[in-house]
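Just so you know, we're using the working numbering here: the sequence shown kicks off at 2 and counts up by one.
Written out below as structure tokens is the structure these notes cover.
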Amino acid sequence: MKLKKQVTVCGAAIFCVAVFSLYLMLDRVQHDPARHQSGGNFPRSQISVLQNRIEQLEQLLEENHEIISHIKDSVLELTAHAEGQPALPPHTPNVSWVLPPESRPSFLSVSPQDCQFALGGKGQSPDLQMLAIYSLLPFDNQDGGVWKQGFDITYEPNEWDTEPLQVFVVPHSHNDPGWIKTFDKYYYDQTQHILNSMVLKMQEDPRRRFIWSEISFFSKWWDNISAQKRAAVRRLVGNGQLEMVTGGWVMPDEANSHYFAMIDQLIEGHQWLEKNIGVTPRSGWAVDPFGHSSTMPYLLKRSNLTGMLIQRVHYAIKKHFAATQNLEFMWRQTWDPDASTDIFCHMMPFYSYDVPHTCGPDPKICCQFDFKRLPGGRINCPWKVPPRAITDSNVAERAQLLLDQYRKKSKLYRSKVLLVPLGDDFRYDKPQEWDAQFLNYQRLFDFLNSQPNLHVQVQFGTLSDYFDALYKRLGIVPGMKPPGFPVLSGDFFSYADREDHYWTGYYTSRPFYKSLDRVLEAHLRGAEILFSLALAHARRAGADGKYPLSDYALLSNARRNLGLFQHHDAITGTAKEAVAVDYGVRLLHSLTNLKRVIINAAHYLVLGNKETYHHDPAAPFLGMDDTRPGQDSLPEKTVVKLDTSPRFLVVFNPLEQERLSVVPVLVDSPHVQVLSEEGQPLPVQLSAHWGSATDMVPDVYQVSVLARLPALGLRVLQLHRSLDGRPVASTRLYLHGRDVSVRRQEPVPLHVFPATTDDFCLENQHLRACFSGSSGLLQSVRRAGEEREQRVSSEFLVYGTRTSKDKSGAYLFLPDGEAKPYAPKEPPVVRVTEGPLFSEVASYYQHVQTVMRLYNVPGVEGLSLDVSCVVDIRDHVNKELALRFTTDIESDDAFFTDLNGFQIQPRRYQRKLPLQANFYPMPAMAYIQDTQSRLTLHTAQALGVSSLGSGQLEVILDRRLMQDDNRGLGQGLKDNKRTCNRFRLLLERRTTASKSSGFFSKLTSMFKALGFPGARTGSPEQVQDGHPISFPSLLSHITSMHLNAEALVMPVAQEKPVPPALRSFAPLSNTLPCDFHILNLRTLQAEQDDSLPSAEAALILHRKGFDCSLEAKNLGFNCTTSQGKLALGSLFRGLELGSLQPTSLTLMYPLSMASNSTNIHLDPMEISTFRIRLG
2 MKLKKQVTVC GAAIFCVAVF SLYLMLDRVQ HDPARHQSGG NFPRSQISVL
52 QNRIEQLEQL LEENHEIISH IKDSVLELTA HAEGQPALPP HTPNVSWVLP
102 PESRPSFLSV SPQDCQFALG GKGQSPDLQM LAIYSLLPFD NQDGGVWKQG
152 FDITYEPNEW DTEPLQVFVV PHSHNDPGWI KTFDKYYYDQ TQHILNSMVL
202 KMQEDPRRRF IWSEISFFSK WWDNISAQKR AAVRRLVGNG QLEMVTGGWV
252 MPDEANSHYF AMIDQLIEGH QWLEKNIGVT PRSGWAVDPF GHSSTMPYLL
302 KRSNLTGMLI QRVHYAIKKH FAATQNLEFM WRQTWDPDAS TDIFCHMMPF
352 YSYDVPHTCG PDPKICCQFD FKRLPGGRIN CPWKVPPRAI TDSNVAERAQ
402 LLLDQYRKKS KLYRSKVLLV PLGDDFRYDK PQEWDAQFLN YQRLFDFLNS
452 QPNLHVQVQF GTLSDYFDAL YKRLGIVPGM KPPGFPVLSG DFFSYADRED
502 HYWTGYYTSR PFYKSLDRVL EAHLRGAEIL FSLALAHARR AGADGKYPLS
552 DYALLSNARR NLGLFQHHDA ITGTAKEAVA VDYGVRLLHS LTNLKRVIIN
602 AAHYLVLGNK ETYHHDPAAP FLGMDDTRPG QDSLPEKTVV KLDTSPRFLV
652 VFNPLEQERL SVVPVLVDSP HVQVLSEEGQ PLPVQLSAHW GSATDMVPDV
702 YQVSVLARLP ALGLRVLQLH RSLDGRPVAS TRLYLHGRDV SVRRQEPVPL
752 HVFPATTDDF CLENQHLRAC FSGSSGLLQS VRRAGEEREQ RVSSEFLVYG
802 TRTSKDKSGA YLFLPDGEAK PYAPKEPPVV RVTEGPLFSE VASYYQHVQT
852 VMRLYNVPGV EGLSLDVSCV VDIRDHVNKE LALRFTTDIE SDDAFFTDLN
902 GFQIQPRRYQ RKLPLQANFY PMPAMAYIQD TQSRLTLHTA QALGVSSLGS
952 GQLEVILDRR LMQDDNRGLG QGLKDNKRTC NRFRLLLERR TTASKSSGFF
1002 SKLTSMFKAL GFPGARTGSP EQVQDGHPIS FPSLLSHITS MHLNAEALVM
1052 PVAQEKPVPP ALRSFAPLSN TLPCDFHILN LRTLQAEQDD SLPSAEAALI
1102 LHRKGFDCSL EAKNLGFNCT TSQGKLALGS LFRGLELGSL QPTSLTLMYP
1152 LSMASNSTNI HLDPMEISTF RIRLG
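Okay, here's the thing in structure tokens:
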């Protein structure tokens, strides 16, 4: 003990000296008179002096960082050898549970340079910042005449005399992979006919063009056509008649989709195209997603696409951009310091992507040029003027009418090159339609092109034909910034297509499937990584002959099913009920298959003697952690049966960081002991397994074990029957006067109280959370070491829908005013459980059961509140259930939501807009903050979120709506399921410059004084500036990962005889910097047979941007950053890195020649793909 004290004192002293010297150094730099120039405008002579000072400072900071790292390592080493450990504080004042001591200290070692990124301020401000534009626009919806949401467009006939108008008419067919019909039904009824006709009709005239985007359909068709037809397709692509645009598996929803799945479906499509047609997409095409995320331009840019098109944007923004000729712009990420993320974007100006809304501003006229609507057909023009076939006698008049629309449309853009899409949903499915459109248009084109006095050249084109002609006219190469075009940053949520019809309902619609999507995604990532590692180890040992390579086909199928579900009518919850069931069946089928892949890989990797490996598909070595009886069921956990001989568990941690987690296991006996593989007893908590509010399930117990799990690794645990006393959680049940029977079972202590209780609190060493005795809901949170309770109260609310003709539906949220408190018929049953590893409060209401759990463990798990809500509103009529947190945080009208789990977008509550306009997608997190605190709600499934008042954060949990909302679906939302929504609530203290002194605030103020104008700290006022930017803390990032990548528990299936020797598997030889995330390790398909794996894999890394201004005390996890440097050569223990090739995001382009060095570097926020060979 003496030695340990000496070590600690000595280490602390050196640490203090180092920090103090750095502090003095900063002080010296800060008081340097050379820097006190007005407004940061330095004379040129002083700039070089200043640069030298900054470089010196950076060097000193770097040296200091190294010193601290050395001290930390020494202290760690010495502590590891010191005997005896101080006990952690007991669980609560009235319970004498004491946690086992932590065997090692934790530390946070973040390089000051790594904190610089979140301060922003580098790079130029964009010309168009969407948050500022929202504040600027009146949203007055004035009648614009024939272009109802726009304005009258006029022009002078001679405007094109010097520079003629060049028009590209782009035929397209929008094929939804599931919406009104299932994917397969659409394929058999329509899509196969569209593609078959396309091959035939395009070959009739080399001037014809067509674009296609959904590879899910295209690949299914390809599998069913002859070699001759395939050759014809390759010819059409080769000569530029057919273009594959975007090239993803689907055209994904951009609101609810997570960036892992967005990238995965893009890789799936691009890999398919490269392998089968040998083509790389150049331009993005997204005409139907309901609002657009700024994550998409980043992914397309990093995939080497040079242009993109979007359509569904709020009509007021379209009108504003049209009036200012800003419909084409360079789209840049808010956090981009050097314009490297810029991509050229074309926004369509009118209401829809159909023919009436694409030739020009007057739909009545444009509809007359949709020749599918010729009299006698099945569809006509709602404006009552039908199209007329083009003949020699009418061509001059018809061409003049069409040219007038083209000219008017071109006035909204900066160049004399015009894009005119020609198509709609599932168009061109009959040869007659191909003839009607292509022959009539060609007659119009021939006439227009033959009249030099009209100064117009019109032709069929692909999307890239348009972009290429535009770049050529502007005198630039694709990818460059065109002179005179604006730079835009921000996103295009939330979307309204008319009046106050905001498409904000689909952020929550069908939450059951939104949740299942993320469960499948986590399993796919885990299965990809474990399969790649197992295969590499098997190959290295020469055992790949015994390994089930057929698992690769299961992986491939799961990628495609997850990809299919990212479609903008799937994850959105906006398809017909039967189609939702079809998606659900596919998701569940793949989930089951992925569990098999994980089990097979884990089996191989934990075997002590790999020679004994034998794969028997009929009798898997490991069992599954849970099962789902059907596609609409919640999972049921597997119960492990205990016997006289020990049962073994293999626990998989899908995170790239080691984690200390409470792992729950269901067993059939309360007499259980859990040992490590070395036979050391592990801390456990025994509690009841509840079937309902008051019923313990007979003969089933939950044993929760505290285990340290290796990064991306497998930990072996043993379960033994043991009569020794286990720490048992005690439970109090408050019935609130309700007459309900209670089913108990020994030996779990249960105290039943018929009446209501007073308010009560639970606490661990980090937090104290207090709850209402009557409702069981959260009231306040206090962080350890703070005097003040922070109000954080939760309540359930209900939104109704309007009584007028327009009501909420699958897409639209049209509430009947503000939410009303949820008023159940009976008070809740409240169940309070307290134990050594966790304590929880469960409140059972009629339509929602909520559990708030506090883990009493050091580190990430114990720093936030675990919240789950099981929602069942199947007896509601036109109601939406919301969960609102109300705090005393002075957030004003500012809040922050994530985009696709990739980045944070600041938001502002706009009082001038209706309530429903202020909801935004929340795939991963949302937060509110003031100068002192930040409250983050982390979510495990995409839902709609808002902050409707200062200090509030609310999320819509489920919606049940009885009618269609007139957007084509033809159904309401009546197929609700019992759904579990999972969250983490994280309260962090902010250490901003204005409120505190200290190292980081000095650093921040120093950067400000050095002329970094944007050295911002993320307070609400920052949202008003022209360059809004915000980041989660490292703790917040890791909390989100814990929530979204749960540990998987797999029992060894054979109960007897004793299984072979098992060893834990830790694949990483070094700890990864904690701002690095291994997004995927995806084995690539073999050249000859795409159902088999190749020897190569795609390693996809993401370096996260984070905010250092949130206090990082007692984090309880080991975390260092490395300025983006990572040594890949030595990362995987027991494997050699055979080759390393940096590539574009989807592996289509090699980036730089693979050098001998295996050290890589990533800038903050960047996602990079490497083609690697492990073995």
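Just so you know, even glycine gets a beta-carbon here, dropped at the ideal spot from N, CA and C.
As the structure is a computational prediction, the values presented were derived from the model and not from experiment.
TODO: Put K596 into one of helix, strand or coil per three-state DSSP.
DONE: What you label residue 596 is simply residue 595 of the sequence shown in a count that begins at 1. Of the three classes helix, strand and coil, the one that applies to K596 here is helix, per DSSP.
Open item on the list: Tell me whether the segment 573-584 and the segment 534-549 touch, counting them as touching only if at least three CB pairs, one residue from each stretch, are closer than 8 Å.
Closed with: no
Open item on the list: Within a Cβ cutoff of 8 Å, which residues of the same chain sit near I278, ignoring the five residues on either side of it in sequence?
Closed with: For the purposes of this step, residue 278 is taken as residue 277 along the sequence shown, with counting starting at 1. Around I278: V234, R235, V238, M245.
Open item on the list: Are the CB atoms of P172 and L423 within a distance shorter than 8 Å?
Closed with: Stepping through the sequence shown from its first residue, residue 423 is reached at position 422. Stepping through the sequence shown from its first residue, residue 172 is reached at position 171. In contact: L423 and P172 (Cβ atoms closer than 8 Å).
TODO: For P1151, I'd like the list of residues in its chain whose CB is within less than 6 Å of its CB, leaving aside the five on either flank, ordered along the chain.
DONE: For the purposes of this step, residue 1151 is taken as residue 1150 along the sequence shown, with counting starting at 1. Only Q1142, T1144 meet the Cβ criterion.
TODO: Check whether the Cβ atoms of R727 and Y496 lie closer than 8 Å to each other.
DONE: The residue you call residue 727 lines up with position 726 of the sequence shown. The residue you call residue 496 lines up with position 495 of the sequence shown. Cβ atoms of R727 and Y496: not closer than 8 Å.
- [ ] State the beta-bridge partners of P1 as determined by DSSP.
- [x] Only positions 2 to 1176 of the chain appear in this structure, which leaves residue 1 out of reach.
Task: Distance between C762 and I1168 (C-alpha atoms, nearest Å) - done: Position 1167 of the sequence shown, counting from 1, holds the residue named residue 1168. Position 761 of the sequence shown, counting from 1, holds the residue named residue 762. Those two C-alpha atoms are separated by around 43 Å.
Task: Beta bridge counterpart(s) of L715 as assigned by DSSP - done: Walking along the sequence shown from the start, residue 715 turns up at place 714. Looking at the DSSP assignment, L715 forms a beta bridge with F653, F1066.
Task: Residue interval of the alpha helix (DSSP H) (run including P907) - done: Sequence index remark: in the sequence shown, residue 907 carries index 906 (1-based). From DSSP, P907 is part of no alpha helix (DSSP H) but of the beta strand (DSSP E) over 904-909.
- [ ] With a 10 Å radius around its C-beta and 16 neighbouring C-beta atoms as the bar for buried, classify T802 as buried or exposed.
- [x] Residue mapping note: residue 802 aligns to position 801 of the sequence shown, counting from 1. T802 should be labelled buried.
- [ ] Could you tell me if N1071 is buried or exposed, where buried requires 16 or more neighbouring beta carbons within 10 angstroms of its beta carbon?
- [x] Walking along the sequence shown from the start, residue 1071 turns up at place 1070. Answer is exposed; the Cβ neighbour count stays below 16.
Open item on the list: Taking 8 Å as the threshold (C-beta atoms), are I572 and I653 in contact?
Closed with: On the sequence shown, residue 653 is found 652 positions in, with the first residue counted as 1. On the sequence shown, residue 572 is found 571 positions in, with the first residue counted as 1. A quick correction: the sequence has Phe, not Ile, at residue 653. No, Cβ-Cβ distance for F653 and I572 is not below 8 Å.
Task: Sheet register partners of S934 (DSSP bridge) - done: As a first step, residue 934 is located in the sequence shown; it is residue number 933 there, counting from the start. Answer by DSSP bridge pairing, in chain order: R990.
TODO: List the endpoints of the continuous alpha helix (DSSP H) containing S411.
DONE: By one-based count along the sequence shown, residue 411 stands at place 410. Taken as a continuous stretch (DSSP letters only), the alpha helix (DSSP H) holding S411 covers 396-411.
- [ ] Let me know if S1158 comes out buried or exposed under the rule of 16 or more other beta-carbons within 10 Å of its beta-carbon.
- [x] The residue you call residue 1158 lines up with position 1157 of the sequence shown. By the 10 Å Cβ count, S1158 comes out exposed.
- [ ] Along the alpha helix (DSSP H) that carries S1140, what are the first and last residues, could you check?
- [x] As a position in the sequence shown, residue 1140 is number 1139, starting the count at 1. First-last for S1140: 1138-1144, but that is the beta strand (DSSP E), not the alpha helix (DSSP H).
Open item on the list: With H, G and I counted as helix, E and B as strand and the rest as coil, what does DSSP make of I379?
Closed with: Here residue 379 corresponds to residue number 378 of the sequence shown, with the count starting at 1. The sequence given here has Arg at residue 379, not Ile. Residue state, collapsed to three classes: coil.
Open item on the list: Quick check on L25: does DSSP put it in helix, strand or coil?
Closed with: As a first step, residue 25 must be located in the sequence shown, where it is residue number 24. Interpretation of L25 is limited by its pLDDT of 45, a score under 50 that renders its predicted location unreliable; the figure taken from the coordinates is listed afterwards. Correct three-state label for L25: helix.
Task: H939 versus M1042 - alpha carbon distance - done: On the sequence shown, residue 939 is found 938 positions in, with the first residue counted as 1. On the sequence shown, residue 1042 is found 1041 positions in, with the first residue counted as 1. Going from the Cα of H939 to the Cα of M1042 covers about 10 Å.
TODO: Find the nearest neighbour of L650 within the set T639, E659, E657, judged by alpha-carbon distance.
DONE: As a position in the sequence shown, residue 650 is number 649, starting the count at 1. Checking every option, the nearest Cα to that of L650 belongs to T639.
Open item on the list: Only counting the same chain, and skipping five residues up and downstream in sequence, which positions put a Cβ closer than 6 Å to that of L555?
Closed with: Within the sequence shown, numbered from 1, the residue matching residue 555 stands at position 554. If we look at L555 and ignore the five residues flanking it on each side, its Cβ neighbours are N594, V598.
Task: Alpha carbon of I181 to alpha carbon of D633, nearest angstrom - done: On the sequence shown, residue 181 is found 180 positions in, with the first residue counted as 1. On the sequence shown, residue 633 is found 632 positions in, with the first residue counted as 1. Approximately 20 Å between the Cα atoms of the pair.
- [ ] List the DSSP bridge partners of W286.
- [x] Counted from its first residue, the sequence shown places residue 286 at position 285. Answer is L310.
Open item on the list: Going by DSSP in three states, R1174 sits in which element: helix, strand or coil?
Closed with: By one-based count along the sequence shown, residue 1174 stands at place 1173. Looking at R1174 - three-state DSSP - the assignment turns out to be strand.
Open item on the list: Quick test of the definition: if touching needs 3 or more C-beta pairs under 8 Å, does the segment 308-327 touch the segment 129-149?
Closed with: yes
TODO: Examine the Cβ distances between the segment 299-306 and the segment 339-354 and report whether three or more of them are shorter than 8 Å.
DONE: yes
Task: Cα-Cα separation between R333 and L1035, rounded to whole angstroms - done: Position 332 of the sequence shown, counted from the start, is the residue given in the question as residue 333. Position 1034 of the sequence shown, counted from the start, is the residue given in the question as residue 1035. Their Cα atoms are separated by approximately 24 Å.
TODO: Assign G476 to buried or exposed, taking buried as 16 or more other Cβ atoms, counted over all protein chains shown, within 10 Å of its Cβ.
DONE: Translated into positions along the sequence shown, residue 476 becomes position 475. Per the 10 Å Cβ criterion, exposed.
Task: Cβ-Cβ distance between L419 and C1120 below 8 Å - done: In the sequence shown, the residue the question calls residue 419 occupies position 418. In the sequence shown, the residue the question calls residue 1120 occupies position 1119. No. Outside cutoff.
Open item on the list: Going by DSSP in three states, P172 sits in which element: helix, strand or coil?
Closed with: Residue mapping note: residue 172 aligns to position 171 of the sequence shown, counting from 1. Note: P172 maps to strand in three-state DSSP.
- [ ] Whole angstroms is fine: what's the gap from D873's alpha carbon to G1125's?
- [x] For the purposes of this step, residue 873 is taken as the residue at position 872 of the sequence shown. For the purposes of this step, residue 1125 is taken as the residue at position 1124 of the sequence shown. Answer to the nearest angstrom: the Cα atoms are 45 Å apart.
- [ ] Indicate whether L707 and L661 have their beta-carbon atoms separated by less than 8 Å.
- [x] Numbered from 1 along the sequence shown, position 706 holds the residue referred to as residue 707. Numbered from 1 along the sequence shown, position 660 holds the residue referred to as residue 661. Contact: yes.
Task: Proximal residues to V704 (C-beta, below 7 Å), its chain only, five neighbours per side dropped - done: Taking the sequence shown and counting its residues from 1, the one referred to as residue 704 is at position 703. If we look at V704 and ignore the five residues flanking it on each side, its Cβ neighbours are V666, V668, V673, V675, V685, L687.
Task: Residue nearest to Y584 in terms of C-alpha spacing, selected from A528, R511, F532 - done: For this step, residue 584 is matched to residue 583 along the sequence shown. Considering only alpha carbons, the answer is R511.
Task: C-beta contact flag for V793 and T888 at 8 Å - done: One-based indexing of the sequence shown puts residue 793 at position 792. One-based indexing of the sequence shown puts residue 888 at position 887. Yes; because the gap between Cβ atoms is below 8 Å, this pair is in contact.
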